[in-house]
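Engineer:
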Amino acid sequence: MMETIFSPDLMVQGERPTVGQKSNFDVSLPEQYWRAIRRHKWVVASIVLAALVAGVILTLVMTPIFSATSRLEISREQDNVTNVQGVENDASGQSLEFYQTQYALLNSRTLAERVARSLNLAQDNSFLSNFELLPDDVGSAALSGRDPLDVDVVDALRDNISIQPVRGSSLVDVVFSSPDPRLSARIANAWSDQFIQSELDRRFASTEDARKYLEKQLESLRQRLEQSEAELVNYASKKRIIALQTEESPSGNTRTERTLVASDLEALNGALTQATAARIAAQSAATNNGQVDSIVMNNPAINALRQKRAEVSADHAKLLTQFEPDYPQVQALKNQMDALSKEIANEEDRIRLSQTTDYQQAAAREAQLRNRVENLKQEVIGQRRDSIQYAIYQREVDTNRQLYDALLQRFKEIGVAGVGSNNVAVVDRAEPPLKPSRPSLGFNLLIFLLLGLLAAAGAIFALEIWNQSLKDPQDVNRKLGLPLLGSIPLIKDGDVVEALGDRKSMTSEAYLSVKANLSFMTDHGIPRSFMLTSTAPNEGKSTSAVGLAQSIARSGAKVVIIDGDMRSPSIGEFLGQRHELGLSNYLSGNSDWRSMLHPTSFENLLFMDSGPIPPNAAELLSGSRMKQLLEAMIEEYDHVIVDSSPVLGLADAPLLSSSVEGVVFTIEANREKMRGIDSSLNRLRATNGRLLGAVITKLGAEDAHYGYGYGYGYGYGQPGSDTRALEA
1 MMETIFSPDL MVQGERPTVG QKSNFDVSLP EQYWRAIRRH KWVVASIVLA ALVAGVILTL
61 VMTPIFSATS RLEISREQDN VTNVQGVEND ASGQSLEFYQ TQYALLNSRT LAERVARSLN
121 LAQDNSFLSN FELLPDDVGS AALSGRDPLD VDVVDALRDN ISIQPVRGSS LVDVVFSSPD
181 PRLSARIANA WSDQFIQSEL DRRFASTEDA RKYLEKQLES LRQRLEQSEA ELVNYASKKR
241 IIALQTEESP SGNTRTERTL VASDLEALNG ALTQATAARI AAQSAATNNG QVDSIVMNNP
301 AINALRQKRA EVSADHAKLL TQFEPDYPQV QALKNQMDAL SKEIANEEDR IRLSQTTDYQ
361 QAAAREAQLR NRVENLKQEV IGQRRDSIQY AIYQREVDTN RQLYDALLQR FKEIGVAGVG
421 SNNVAVVDRA EPPLKPSRPS LGFNLLIFLL LGLLAAAGAI FALEIWNQSL KDPQDVNRKL
481 GLPLLGSIPL IKDGDVVEAL GDRKSMTSEA YLSVKANLSF MTDHGIPRSF MLTSTAPNEG
541 KSTSAVGLAQ SIARSGAKVV IIDGDMRSPS IGEFLGQRHE LGLSNYLSGN SDWRSMLHPT
601 SFENLLFMDS GPIPPNAAEL LSGSRMKQLL EAMIEEYDHV IVDSSPVLGL ADAPLLSSSV
661 EGVVFTIEAN REKMRGIDSS LNRLRATNGR LLGAVITKLG AEDAHYGYGY GYGYGYGQPG
721 SDTRALEA
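Residue 401 in full-length UniProt numbering sits at position 401 of the sequence shown, with consecutive numbering throughout.
1) If we ignore side chains and look at the alpha-carbon of each, how far apart do aspartate 326 and alanine 310 end up?
2) List the whole-angstrom C-beta distance separating serine 659 from leucine 691, where the pair is believed to meet the contact cut-off of C-beta under 8 Å.
3) Beta-carbon within less than 8 Å of aspartate 428's beta-carbon, same chain only, minus the 5 sequence neighbours each way: which residues are those?
4) Which ranges would you report for the alpha helix (DSSP H) in the region 668 to 694 if only whole runs of at least 4 residues count?
5) Restricting to runs no shorter than 3 residues, where is the beta strand (DSSP E) found entirely within the region 98 to 182?
6) Can you give me the C-alpha to C-alpha distance between glutamate 603 and serine 555, rounded to a whole angstrom?
7) If you run the structure through DSSP and keep just helix, strand and coil, what is aspartate 565?
8) Whole angstroms are fine: how far does the CA of tyrosine 33 sit from the CA of isoleucine 491?
9) Taking 8 Å as the cut-off, decide whether the C-beta atoms of valine 695 and glycine 501 are in contact.
10) For my contact list, valine 611 and leucine 581 are in at a C-beta cut-off of 8 Å; report their separation, rounded to the angstrom.
11) Is proline 432 helix, strand or coil by DSSP?
12) Quick check: what's the CA-CA separation for isoleucine 381 versus leucine 407?
13) For leucine 587, I'd like the list of residues in its chain whose CB is within less than 6 Å of its CB, leaving aside the five on either flank, ordered along the chain.
14) Tell me the residue span of the alpha helix (DSSP H) that contains methionine 626.
15) Just reading off the alpha helix (DSSP H) that serine 70 is part of, what are its end residues?
16) Mind reading off the beta-carbon distance from isoleucine 561 to phenylalanine 607? Whole number of angstroms is fine, and I expect it under 8 Å.
17) Quick check on glutamate 668: buried or exposed, where buried means 16 or more other Cβ atoms within 10 Å of its Cβ?
18) With a threshold of 16 other CB atoms inside 10 Å of the CB of methionine 506, please say whether the residue is buried or exposed.
19) Can you list, in chain order, the residues of its chain whose CB lies under 7 Å from that of serine 75, leaving out five sequence neighbours each side?
20) Quick check on this structure: which residue in Val642, Arg350 and Ala516 has the alpha carbon closest to the alpha carbon of lysine 541?
21) DSSP has alanine 425 in a bridge; who is on the other side?
22) Here's the rule: buried if 16 or more other CB atoms are within 10 angstroms of the residue's CB, otherwise exposed. What is tyrosine 213?
23) Report the partner residues of leucine 441 according to the DSSP bridge assignment.
24) What is the DSSP secondary structure of proline 614, counted as helix, strand or coil?
25) When you compare each of Lys308, Gly689, Ala362 and Lys318 to aspartate 338 by their alpha carbons, which one comes out closest?
26) Spatial neighbours of proline 179 within its chain, please: C-beta separation below 8 Å, excluding the five flanking residues on both sides.
27) How about the region 149 to 166 and the region 50 to 62: do they share at least three Cβ pairs that are nearer than 8 Å?
28) From this set, Glu226, Ala112, Leu482 and Leu133, which residue's C-alpha is nearest isoleucine 187's C-alpha?
29) Ends of the alpha helix (DSSP H) at valine 660?
30) Expressed to the nearest angstrom, what Euclidean distance is found between the alpha-carbon atoms of alanine 364 and tyrosine 235?
31) With distances taken Cα to Cα, identify the nearest neighbour of glutamine 361 among Pro537, Glu413, Gly700 and Ala275.
32) Looking at C-alpha atoms only, which residue of Ile447, Ser184 and Ser46 is the closest neighbour of proline 432?
33) Here's the rule: buried if 16 or more other CB atoms are within 10 angstroms of the residue's CB, otherwise exposed. What is valine 84?
34) Do you know offhand how far serine 220's Cα is from lysine 238's?
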């Protein structure tokens, strides 16, 4: 089985569509917005143009504002105020908080007051006039008990100052805006200068506080140091402790005081060691003869005497060879030899005696030193016991001295820190601007353009809410549940008959599309009998009836068109012919319907007029004669098309719908509200009328963008023809 496929203007062969069938595609939300904009394009253009004109006028009447910029460099301040906060962690990781603080200080009320005070703005007529401040108001704060500085002046400064950090750097722009370019530059520079001065004042204030604090701490530590030193000296005097030097362990945890007694003990202990060694050596020498002989043999004096005796002995022996022993000279040498031998013997005895004496002296000295060492040992042991408390006093003295020295050093550094370099510097001073910063015509036009677009969007929304007419041909299927048979273009100029007579006109091709779609409505093609109706008059149903009739007739089928609108007939006028006899006559009892058929200018198309306007058209249609007429005509003709009355307020169309094979519902684009259209359809359904589909009439050129337009599909390849609107 073939599937039914609906195109905007053409339905290809497939299964017969049913009432309520949905389209295979929907219009996206952005496209719906775009269509709404196109429908109300003149409203949008008017509102946007009015907004732009308002923006231009506002720009022209606004007072020019000049903005002067002073650029500062703010360096990261080290958190070390004369080492008073030395125990705190480095805040180098808090740069963001630091700069945010600086920006807040730049925008503070205190700084604004400093600027106002430094420039005497409360008495500056130029400043007061530019910001519309009355001189009489200055000082009113003082009268009310507030600060004499005018609050309005400070507020005006803060309202017109702008702190603008330069991204990715430590630079910040101080921008002041006013109607006077020179005033803007003067205040911007004063703002930077006063900020630098306030930073210096804050730094001096912090060092002064530190100085006062350190002075108190130094005085307290000095007293504690003096007291601890006095206690140490008194204790050392009492315990007879004389400290020579202090020794610390490698770890620094143990401290040892070297006293005079300990030093003496160390010296005596060394002397005792030497005395013991001397005593042992002397004892060994005194008791060892061989060692004594060795000493004698090695004695220089004895060796000299022996040498001299040998020389005298040699001379004596020489003389004996010449003289007799009793020779005086020989005798003299003999006496000299004896004297030298005696002297040598005496010297040897003296040496042996000295060894014994040395031993005795060494032993005595050793005993004396040993006795003194033992006495000093006892004294050192006593001092060691006393040195525990001495060390406590000494540590207290050292601690107090270290604290005192550290605070004294920091106290000396305060002066250096107080006059240290400032972390804020002026990079560029403000110059009077040559052109205003605002109002900006381009910026204002952009803002008013956006406001205009917003207002236009609101207006479109309100219009769309208020206008509930059918605007989108897709709503036929989406909201009404009817197949869309076709869309008929709005004909602005020219003759309708000529437009229908021209096979290549967009109007003719539009009705040809409707005819093609109707051919799928039944299993035998185009319904043999069908009627056209609408919600209200003048929606194009009569023109559509003629257009469909002539389109079907062109295919060679014999067609009869009946003007079934017996209240306001228009087919005859449209075709250029009026007849006395017609439908109302037949329904009233005249059975010769063939005599009521008249040829038209369209080949194969016959016309039955409505006849005289009856007083009771609904009663005539409620009988069976209408159905009999249609059945009789179908036997002789291929198709019968009835132009019916509108639905709302009348019973004609619902009564007539039960007599025909189907109903084609015509809807004028952008006219009737959906609620009225839906009500008309429900009335037709209530009488079991078969709704074949809907035809959208008078579709404007702007509606061609819906996809149901005729610019491409209808009259493709032919120049468009503008004719007058179809009215019925």
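Yeah, the Cβ is synthetic: ideal placement off N, Cα and C, and Gly gets one too.
Structural biologist: Considering the structure as presented:
1) Along the sequence shown, one-based indexing puts residue 326 at 326. Along the sequence shown, one-based indexing puts residue 310 at 310. Rounded to the nearest angstrom, the two C-alpha atoms are 20 Å apart.
2) For the purposes of this step, residue 659 is identified with residue 659 of the sequence shown, where counting begins at 1. For the purposes of this step, residue 691 is identified with residue 691 of the sequence shown, where counting begins at 1. Not a contact, Cβ separation roughly 15 Å.
3) For the purposes of this step, residue 428 is taken as the residue at position 428 of the sequence shown. Result list for aspartate 428: Thr69, Ser70 and Arg71, in chain order.
4) 674 to 686
5) 161 to 165 and 171 to 178
6) For the purposes of this step, residue 603 is identified with residue 603 of the sequence shown, where counting begins at 1. For the purposes of this step, residue 555 is identified with residue 555 of the sequence shown, where counting begins at 1. Cα to Cα, glutamate 603 sits roughly 10 Å from serine 555.
7) Within the sequence shown, numbered from 1, the residue matching residue 565 stands at position 565. Coil at aspartate 565, not helix or strand.
8) For the purposes of this step, residue 491 is taken as the residue at position 491 of the sequence shown. For the purposes of this step, residue 33 is taken as the residue at position 33 of the sequence shown. Near 26 Å, if we compare the C-alpha coordinates of tyrosine 33 and isoleucine 491.
9) Mapped onto the sequence shown, residue 695 falls at position 695. Mapped onto the sequence shown, residue 501 falls at position 501. Their beta carbons are not under 8 Å apart, which means valine 695 does not touch glycine 501 by this criterion.
10) Residue mapping note: residue 611 aligns to position 611 of the sequence shown, counting from 1. Residue mapping note: residue 581 aligns to position 581 of the sequence shown, counting from 1. The sequence given here has glycine at residue 611, not valine. That belief holds up - the Cβ atoms of glycine 611 and leucine 581 are roughly 6 Å apart, short of 8 Å.
11) Stepping through the sequence shown from its first residue, residue 432 is reached at position 432. If DSSP states are grouped into helix, strand and coil, proline 432 belongs with coil.
12) Here the question's residue 381 lines up with position 381 in the sequence shown. Here the question's residue 407 lines up with position 407 in the sequence shown. So the alpha carbons of these two residues sit roughly 39 Å apart.
13) Here residue 587 is taken as the residue at index 587 of the sequence shown, counted from 1. Counting only Cβ-Cβ distances below 6 Å, and skipping sequence neighbours, we find Leu620 and Arg625.
14) Counting from 1 along the sequence shown, the entry for residue 626 is found at position 626. Note, methionine 626: alpha helix (DSSP H), 625 to 636.
15) As a first step, residue 70 must be located in the sequence shown, where it is residue number 70. Not the alpha helix (DSSP H): serine 70 falls in the beta strand (DSSP E), residues 66 to 74.
16) Numbered from its first residue, the sequence shown carries residue 561 at position 561. Numbered from its first residue, the sequence shown carries residue 607 at position 607. That pair is a contact at about 5 Å.
17) As a first step, residue 668 is located in the sequence shown; it is residue number 668 there, counting from the start. Buried: at least 16 other Cβ atoms inside 10 Å.
18) The sequence position of residue 506 within the sequence shown is 506, counting from 1. Result: buried.
19) Here residue 75 refers to the residue found at position 75 when the sequence shown is read from its first residue. Hits under 7 Å: Ser170 and Asn423.
20) Mapped onto the sequence shown, residue 541 falls at position 541. The residue with the shortest Cα to Cα distance from lysine 541 is Val642.
21) Against the sequence shown, residue 425 aligns to sequence position 425. Bridge partners of alanine 425: Glu73.
22) Here residue 213 refers to the residue found at position 213 when the sequence shown is read from its first residue. Tyrosine 213 comes out exposed.
23) Here residue 441 refers to the residue found at position 441 of the sequence shown. DSSP, once it has assigned bridges, lists no residue as partnering leucine 441.
24) Counted from its first residue, the sequence shown places residue 614 at position 614. Coil, per DSSP.
25) Counted from its first residue, the sequence shown places residue 338 at position 338. The candidate whose alpha carbon is nearest that of aspartate 338 is Lys308.
26) Within the sequence shown, numbered from 1, the residue matching residue 179 stands at position 179. Excluding positions up to five away in sequence, the list reads Thr63, Pro64, Ile65, Phe66 and Asn130.
27) no
28) Taking the first residue of the sequence shown as position 1, residue 187 is located at position 187. Cα-wise, what sits closest to isoleucine 187 is Ala112.
29) Indexing the sequence shown from 1 puts residue 660 at position 660. Segment: none, valine 660 is in no alpha helix (DSSP H) and carries neither H nor E.
30) In the sequence shown, counting from the first residue as 1, residue 364 sits at position 364. In the sequence shown, counting from the first residue as 1, residue 235 sits at position 235. When rounded, the distance between both Cα atoms is 38 Å.
31) By 1-based counting over the sequence shown, the position of residue 361 is 361. Glutamine 361 has its Cα closest to that of Ala275, out of Pro537, Glu413, Gly700 and Ala275.
32) Counting from 1 along the sequence shown, the entry for residue 432 is found at position 432. Taking only the C-alpha atoms, the option nearest proline 432 is Ser184.
33) If you number the sequence shown from 1, residue 84 lands on position 84. Caution applies to valine 84, whose pLDDT of 45 falls short of 50 and renders its modelled position unreliable; the value that the coordinates give is listed next. Valine 84 comes out buried.
34) Here residue 220 is taken as the residue at index 220 of the sequence shown, counted from 1. Here residue 238 is taken as the residue at index 238 of the sequence shown, counted from 1. Spanning the two alpha carbons is a distance of roughly 27 Å.
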